[in-house]
Amino acid sequence: MSSKLIRGTFILTLGTMISKVLGLFYVIPFYDIVGKAGTELYGYSYVPYTIFLSIATAGVPLAVSKFISKYNALGEYAVGRKLFKSGVIVMLFSGIVAFLVMYISAPLLAEMSVKDKAQVEKMEDVVTVIRAVSFALIIVPFMSLIRGFFQGHQSMGPSAVSQVVEQIVRIGFLLVGAYVVLNIMDGSIVTAVSVATFAAFVGAMGSLGVLFWYWFKRKPHLDELLEEDKGTMDISLREMYKEILLYAAPFVFVGIANPLFQLIDQLTFSRAMVQIGQGDLAGGAFSILNFQSHKLVIIPVSLATAFSLTLVPSITKSFVENDRKSMSRELNQTFQVVMFLTLPAVVGLSLLAHPMYTVFYENDPLGTEILRVYAPVAILFALFSVTAAILQGINEQRFTILSLLVGLLVKLSLNIPLIKMFETQGAVYATTLGYLVAIIINMYVIKAYSGYRFRLVLRRGLLIVLFTFAMWVVSGISYELLTLVLSPASKFQSIIIVLICALAGAVVYFYLGLKSRLVYFLFGNRVDRVMQKLRLRI
């Protein structure tokens, strides 16, 4: 893997990880402020918002980065700048349209989400919070264009920093706003959650400010690239947007893949639970599934998301230059790193489900059970994200749409039957099967159209599985011993359990990785520099 790709991957990975961690830990005080009813209401608004957001941005960051990377590799720097100038107007327009559509259709979305038509007041509450979050759609598409422009120039810093600033501003406004409404102004839960969802708009404004600062700082360098432009291509805006749409369509589907799976739950979960006589539990169980547990499960996926963002420009460059050797090397590296970091994380999360759920929310047997079953699915989220990015990099994005549609069909077909059989866990099983089918299709297409062989990944993957098993044994023994004297039903004691078990497992896992030299194969000489700084010796 080239040093530039590793540096870009590290920067964007770090930014994404920090952003995801912030997005995880804020739920502790937020849950304490608004409770289960508030998070349920919050979840009803954020799933449709995410879908509208992905459609409004039209896969812009990845599509634009792929487009600009392609023409920069050919020395046609002016093509990318021309796209950027016209794209500013297009994205502002698409953002306003998306905002208006979501704002106006809020009653319909609420009616689809709340199955009990007698709960008119609840539907009105859902309408309110959906409309509050819709304002963010005005700004985010424009912001995404700027991120994509920088990523196309292999500059990941602006995206990483703006993501972190966006989260800090959003979370700060969300927590302070919700607290003030409920505890100082003596307002309602609906008002507090509406302020919390409106925080998405405030966070986007903070991110946009950071991106403007980067733009003015780096514009001289970008103008120097224009002076090196070959000027042999004169591509019309129509041709540009045709190419962008071809790139963007799969990115849209990838971006809304997880929200679409969640939307299926939102539209079918309550109905299935009512049919088996569990209607009274449906609201709380849905909140645990689509908000509480999902917030924890999605964290290990952040690494894969960052890799998919950095993969596209790099693989596009190798593909355009017909450098299959470099492309194969980068794919080997990426699959292994994603597995090396994601697999132990999801296994550990499943093992420590009880204390983890208690730390972030409360001692809840149903929440613990759902999290334990749901955690391993994160590895599928990660693999789908990476394989979809690879397909786009080798210009086979049409199969991304096919695989996702097949996966969604599996989810939709099995969701209600499995919920009737296994209750809330059934929704998790349906999601697992849907993603598994989609990933198998993606892997088959990658092998067929790029000639890539999975032999090395399979061999190293087996080694990673063995290391993860050793980690699981050590963490499991630690957990059993600690629970003899500590209770995972207590928040403070759960923190101690999680820290000790996670540390014990991590030490064993990375020790095995270092002794086997696997870490060096994956991360190169940077491992020695880190070890020297930490003054560690294996």
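With the numbering used here as the guide, the letters of the sequence shown map in order to residues 96 to 633.
Here a beta-carbon is modelled for each residue, glycine too, at the ideal position from N, C-alpha and C.
Taking only three categories from DSSP, how would you classify residue i?
i: I351; result: coil
i: A213; result: At A213, the pLDDT of 48 sits below 50, so the modelled position is not reliable; the number obtained from the coordinates is stated separately. Coil at A213, not helix or strand.
i: I234; result: coil
i: D319; result: A quick correction: the sequence has Glu, not Asp, at residue 319. The answer is helix: DSSP assigns E319 an H, G or I state.
i: M96; result: Per-residue confidence for M96 stands at a pLDDT of 46, beneath the threshold of 50, marking its modelled position as unreliable; no derived number is given.
i: H389; result: helix
i: P512; result: helix
i: L447; result: coil
i: D418; result: coil
i: F549; result: coil
i: V174; result: helix
i: M368; result: helix
i: S51; result: Because the chain in this structure spans residues 96 to 633, residue 51 falls outside the shown range and cannot be described.
i: G282; result: coil
i: G133; result: helix
i: M335; result: helix
i: Y121; result: coil
i: K180; result: helix
i: R265; result: helix
Residue i to residue j, Cα distance in whole Å?
i: V532; j: V552; result: 20 Å
i: I536; j: L499; result: 9 Å
i: Y547; j: S421; result: 11 Å
i: G252; j: Y172; result: 20 Å
i: L295; j: I225; result: For clarity, residue 295 is Ala in the given sequence; the question names Leu instead. So the two alpha carbons sit approximately 12 Å from each other.
i: M566; j: F549; result: 25 Å
i: A201; j: P236; result: 20 Å
i: A213; j: V568; result: A caution first: A213 carries a pLDDT of 48, below 50, which makes its placement in the model unreliable, though a value can still be read off. If you take the alpha carbons of A213 and V568, they lie about 50 Å apart.
i: D324; j: R176; result: 11 Å
i: Q246; j: S164; result: 8 Å
i: C596; j: Y139; result: 34 Å
i: L376; j: P354; result: 22 Å
i: L332; j: L240; result: 16 Å
i: L358; j: R265; result: 24 Å
i: V221; j: A205; result: 6 Å
i: Q199; j: M207; result: Sequence check: residue 199 is Ile here, not Gln. Each residue's alpha carbon lies about 14 Å from the other.
i: L504; j: R366; result: 18 Å
i: V305; j: E319; result: 22 Å
i: G190; j: L609; result: 48 Å
i: G374; j: Q361; result: 14 Å
i: G170; j: L341; result: 22 Å
Going by alpha carbons, who is nearest to residue i out of the options?
i: S382; options: Q370, Y309, Y456 and M451; result: Y456
i: K180; options: V159, P354, L507 and F517; result: V159
i: V122; options: G175, V568, T453 and D318; result: T453
i: L447; options: L391, P202 and L169; result: L391
i: Y229; options: D220, L195, V603 and P471; result: Residue identity differs from the one stated: residue 229 is Ser in this sequence, not Tyr. Comparing Cα positions, the closest option is L195.
i: G462; options: A380, I534 and L509; result: A380
i: D329; options: Y166, L362 and E219; result: Y166
i: F188; options: G374, I233 and G170; result: I233
i: F564; options: L577, S445 and K542; result: S445
Quick one: what's got a C-beta closer than 7 Å to residue i's C-beta in the same chain, skipping five residues either side?
i: F348; result: T495, I496 and L499
i: V468; result: Q520 and V523
i: G133; result: I284, A287 and V288
i: K586; result: T453 and V454
i: I534; result: L475, L478, F479 and T482
i: E261; result: G298, A299, G301 and S302
Is residue i buried or exposed, if buried means 16 or more other CB atoms sit within 10 Å of its CB?
i: H248; result: buried
i: E575; result: exposed
i: F364; result: buried
i: M112; result: buried
i: H389; result: buried
i: G443; result: buried
i: S114; result: buried
i: F147; result: buried
i: V614; result: buried
i: L475; result: buried
i: L384; result: buried
Starting from the C-beta of residue i, find all residues in its chain whose C-beta is less than 6 Å away, skip the five residues before and the five after it, and write them out in chain order.
i: N477; result: The sequence as given places Ala at residue 477; Asn does not occur at that position. Closer than 6 Å at Cβ, skipping near neighbours: V396, A399, V433 and T437.
i: A473; result: V392, P395, V396 and V441
i: S97; result: With a pLDDT of only 49 at S97, under the threshold of 50, the placement of this residue in the model should not be trusted; the figure read from the coordinates follows. Around S97: no qualifying Cβ.
i: A168; result: K412 and V415
i: F268; result: A294 and V297
i: L178; result: M335
i: Q258; result: G110 and S114
i: T450; result: Per the sequence shown, residue 450 should be read as Pro rather than Thr. Hits under 6 Å: P583, S589, I592 and V593.
i: Y309; result: P253
Excluding the 5 residues preceding and the 5 following residue i in the sequence, name in chain order all residues of the same chain whose CB lies nearer than 8 Å to its CB.
i: F616; result: Q431 and R555
i: V540; result: L486, E491, F494 and S498
i: L528; result: V505, K506 and L509
Hey, would you say the C-beta of residue i is under 7 Å away from at least one heavy atom of the ligand NAP?
i: I592; result: In terms of ligand content, the structure shown is empty, and the ligand NAP therefore cannot be addressed.
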